[in-house]
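Chains as they are written, first to last, in the numbering used here: chain A, 1 to 188; chain B, 1 to 188; chain C, 1 to 188.
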Amino acid sequence: MSLLDASQSKPMEGGASFSLGNRMLRVAWGVTWLLLARWTPPPLWGWRRMVLRAFGARVGTGARVYGSTRVWLPANLTLGERALIGPGVHLYNQGAIAIGAYSVISQGAHICASSHDIRDPDFQLVLRPVTIGERCWVAAEAFVGPGVVMGDRSVLAARGALFGKAAPDGVYTGNPAVFLKERGLRRP
Amino acid sequence: MSLLDASQSKPMEGGASFSLGNRMLRVAWGVTWLLLARWTPPPLWGWRRMVLRAFGARVGTGARVYGSTRVWLPANLTLGERALIGPGVHLYNQGAIAIGAYSVISQGAHICASSHDIRDPDFQLVLRPVTIGERCWVAAEAFVGPGVVMGDRSVLAARGALFGKAAPDGVYTGNPAVFLKERGLRRP
Amino acid sequence: MSLLDASQSKPMEGGASFSLGNRMLRVAWGVTWLLLARWTPPPLWGWRRMVLRAFGARVGTGARVYGSTRVWLPANLTLGERALIGPGVHLYNQGAIAIGAYSVISQGAHICASSHDIRDPDFQLVLRPVTIGERCWVAAEAFVGPGVVMGDRSVLAARGALFGKAAPDGVYTGNPAVFLKERGLRRP
């Protein structure tokens with residue numbers, strides 16, 4: 001985990017929060033995605049899965065990631081079977097992000113797995129993993145904050161900004177997002 | 001309407017929500033806008049109107065659309081006379097979007113005319129048209145959700161996220177957006 | 001200030017809100033940033049400071065601005081010592097924006113220093129400067145609206161949308177953003 005160690009830096013003084021190895025790896029990742037994937041049309045799902053896996057992402061069978069999706073570090077990403085990550089989604093995974101099988105992340109959503117210690121004069125970076133269950137929906141341009149856990153089948157409405165826990169089958173909306181109703185998913 | 005028919009797909013299984021014809025048309029549209037309009041400077045309003053009309057948009061006299069505006073499908077777009085669509089606006093018109101005369105959509109706003117049936121195990125796409133009246137203002141980075149109707153001269157404040165109806169002359173703010181006050185427009 | 005004079009235009013009739021000189025200057029600025037800075041990797045902080053200063057920005061020692069940051073007009077920008085402007089930040093400074101020493105503006109945040117007079121039939125542009133104090137944090141994808149003043153060490157949480165005043169050491173969250181708690185910064 002030394003590549004990801006963020007402790008003891010001085011971000012307020014201009015110090016880097018990540019090791020040189022981590023930064024070199026991310027340069028390689030950024031260039032690779034730009035050249036091999038960023039411009040590819042939607043149907044090339046298999047190709048982009050391969051590129052993500054080559055950089056250490058755990059990607060389930062049939063998971064679909066658009067070329068315009070931004071991933072901070074593939075090694076911190078886990079996608080379940082047939083998960084769908086839409087166009088323009090930002091997976092800001094300085095900390096780990098896991099998204100369960102059949103979950104859908106819609107266009108422009110942002111999932112952020114890090115924060116800063118606002119009481120610390122050094123403003124230290126804090127990694128807080130995000131876990132999204134199975135068959136969830138994070139709708140268009142929603143925001144899932146650091147440390148959030150979304151239960152299976154929960155829904156975050158468009159532009160919702162979630163900072164707490166989402167119960168299974170719950171529908172959440174607003175900023176900050178609050179519980180709106182039960183999803184009421186019918187049996188297949 | 002067969003190009004736009006979204007019923008009976010299986011999005012959760014990876015099935016396309018739109019017909020092959022629709023998808024081919026959108027590829028042609030995306031390439032055309034990229035090559036002919038995306039990079040053009042603001043004053044070329046007339047040229048971009050022509051490109052939009054060539055793909056089926058109904059665009060009123062003097063309507064202004066920036067090159068950085070994204071339109072999902074021009075055939076689903078109606079713009080009134082002198083409507084202004086700002087830089088970076090996202091018109092996600094899987095369903096129809098109509099924007100009335102003299103209305104202003106500011107930078108980075110997102111208008112979204114589709115959703116999913118969250119009670120359906122197949123997570124079916126649902127098209128819900130958006131109608132914005134005349135002399136409205138959707139301010140910077142606001143979000144107008146599926147099925148919304150904004151009455152004439154209504155205002156959605158910056159970053160507001162509107163999911164219900166906006167009364168004529170009403171000013172709405174917040175996420176979810178709520179009525180704040182009457183606009184109090186002076187007589188010209 | 002004649003370059004920035006926005007009065008007496010007719011934006012609803014398609015009239016420009018800014019003088020020809022202002023618009024020419026912004027074309028030069030946009031092309032310059034695109035060619036010289038937009039694609040540069042993070043460590044070239046000094047180079048980007050130089051480009052910003054050449055166009056009139058007042059940039060303190062060690063201030064860091066990413067290549068993907070968008071600045072409307074450098075002449076309207078003041079950055080304090082070691083301020084950090086993150087990737088994808090939008091400084092929409094039609095009016096003046098000042099950001100104090102050691103403040104951090106995180107990825108995708110938007111600071112907007114102009115609005116429109118919604119009671120005016122001509123929908124006149126209104127310039128309203130934004131002032132952010134020292135050691136503040138505007139977190140990921142937050143929005144700071146026209147005329148806002150943020151006191152020293154105040155915090156706007158991720159996706160927060162602030163339209164009023166933020167007291168020193170206050171933490172604000174939500175849309176519209178409200179006071180959540182005191183920051184409780186420890187002594188260094």
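Idealized CB from N, CA, C, for every residue including glycine.
Is residue i buried or exposed, if buried means 16 or more other CB atoms sit within 10 Å of its CB?
{"i": "A:A166", "result": "buried"}
{"i": "C:Q8", "result": "At C:Q8 the pLDDT is 48, less than 50, meaning the model places this residue with poor confidence; the figure from the coordinates comes in the next sentence. Exposed, since its Cβ has fewer than 16 Cβ neighbours within 10 Å."}
{"i": "A:L52", "result": "buried"}
{"i": "B:S2", "result": "Only weak support is given to the placement of B:S2: the predicted model assigns it a pLDDT of 35, under 50, and the value that follows is read from those uncertain coordinates. Looking at its Cβ environment, which holds fewer than 16 other Cβ atoms inside 10 Å, B:S2 is exposed."}
{"i": "A:D5", "result": "Any reading at A:D5 must be qualified, since the residue scores a pLDDT of 43, below 50, and its modelled position is unreliable; the value itself is stated next. Exposed, since its Cβ has fewer than 16 Cβ neighbours within 10 Å."}
{"i": "B:R153", "result": "buried"}
{"i": "B:V27", "result": "exposed"}
{"i": "C:A113", "result": "buried"}
{"i": "B:A54", "result": "exposed"}
{"i": "A:L34", "result": "exposed"}
{"i": "A:W39", "result": "exposed"}
{"i": "C:N93", "result": "buried"}
{"i": "C:L20", "result": "exposed"}
{"i": "C:G46", "result": "exposed"}
{"i": "A:G174", "result": "buried"}
{"i": "C:R82", "result": "buried"}
{"i": "A:G100", "result": "buried"}
{"i": "A:P41", "result": "exposed"}
{"i": "C:S17", "result": "buried"}
{"i": "A:V146", "result": "Going by the sequence as given, residue 146 of chain A is Pro instead of Val. Buried is the call here."}
{"i": "C:P188", "result": "exposed"}
{"i": "A:G184", "result": "exposed"}
{"i": "B:G95", "result": "buried"}
In chain A, which residues lie with their C-beta within 9 Å of the C-beta of residue i?
{"i": "B:G145", "result": "A140, A157, A158 and R159"}
{"i": "C:L185", "result": "I118, R119, D120 and P121"}
Can you tell me where the alpha helix (DSSP H) holding residue i begins and where it ends?
{"i": "B:A28", "result": "L20 to L36"}
{"i": "C:G170", "result": "Per DSSP, C:G170 belongs to no alpha helix (DSSP H); it is in the beta strand (DSSP E), G170 to T173."}
Name the chain C residues that come within less than 7 Å of residue i, Cβ to Cβ?
{"i": "B:N93", "result": "Residues of chain C passing the Cβ test: none, with the nearest at roughly 24 Å."}
Chain B partners of residue i, CB-CB under 7 Å?
{"i": "A:T173", "result": "P176"}
Which bits of chain B does residue i rub up against, with CB to CB less than 9 Å?
{"i": "C:F55", "result": "Those do not exist, as C:F55 stays about 19 Å from chain B at its closest Cβ, beyond 9 Å."}
{"i": "A:P188", "result": "P121 and D122"}
Do you know whose CA, among the options, lies nearest residue i's CA?
{"i": "B:E182", "options": "B:I85, B:G151 and B:G95", "result": "B:G151"}
{"i": "C:L44", "options": "C:R58, C:R26, C:W33 and C:R64", "result": "C:R64"}
{"i": "C:A158", "options": "C:L180, C:P168, C:G147 and C:V149", "result": "C:L180"}
{"i": "A:T32", "options": "A:T173, A:V126, A:G62 and A:R48", "result": "A:R48"}
{"i": "C:S103", "options": "C:G60, C:A177, C:P188 and C:S115", "result": "C:G60"}
{"i": "B:I118", "options": "A:T131, A:R58 and A:L156", "result": "A:L156"}
{"i": "B:P121", "options": "A:C136, A:H90 and A:G80", "result": "A:C136"}
{"i": "B:G56", "options": "B:P74, B:V144 and B:G80", "result": "B:P74"}
{"i": "A:A109", "options": "A:G95, A:A161, A:T78 and A:F123", "result": "A:A161"}
{"i": "A:W72", "options": "A:G80, A:G86 and A:L91", "result": "A:L91"}
{"i": "B:Y66", "options": "B:L36, B:F123, B:G88 and B:R23", "result": "B:G88"}
{"i": "C:E134", "options": "C:R128, C:L125, C:V126 and C:V149", "result": "C:V149"}
{"i": "B:L86", "options": "B:I97, B:R70, B:F123 and B:G30", "result": "Looking at the sequence provided, one finds Gly at residue 86 of chain B rather than Leu. B:G86 has its Cα closest to that of B:R70, out of B:I97, B:R70, B:F123 and B:G30."}
{"i": "C:L127", "options": "C:E141, C:I97 and C:V138", "result": "C:I97"}
{"i": "B:L84", "options": "B:S106, B:L36, B:P129 and B:F143", "result": "B:S106"}
{"i": "B:N76", "options": "B:V130, B:E141, B:M24 and B:V171", "result": "B:V130"}
{"i": "C:P168", "options": "C:I132, C:M50 and C:M24", "result": "C:I132"}
Following the continuous beta strand (DSSP E) through residue i, name the residue where it begins and the one where it ends.
{"i": "B:L44", "result": "Where B:L44 is concerned, there is no enclosing beta strand (DSSP E), given that its DSSP letter is neither H nor E."}
{"i": "A:T131", "result": "V130 to I132"}
{"i": "B:Y92", "result": "H90 to Y92"}
{"i": "B:F179", "result": "V178 to E182"}
{"i": "A:I118", "result": "A:I118 -> no beta strand (DSSP E), and no H or E assigned at all."}
{"i": "B:L77", "result": "L77 to L79"}
{"i": "C:L125", "result": "L125 to L127"}
{"i": "C:C112", "result": "H110 to C112"}
{"i": "B:A98", "result": "I97 to I99"}
Which bits of chain B does residue i rub up against, with CB to CB less than 8 Å?
{"i": "A:W137", "result": "H116, I118 and F123"}
How about residue i: is its Cβ closer than 7 Å to a heavy atom in the ligand FAD?
{"i": "B:A161", "result": "With respect to small molecules bound, the structure shown includes none, and the ligand FAD cannot be examined in it."}
Residues in the region 102-113 of chain B with C-beta within 9 Å of chain C's C-beta atoms, listed in sequence order? So the close ones are Y102, V104, S106, Q107 and G108.
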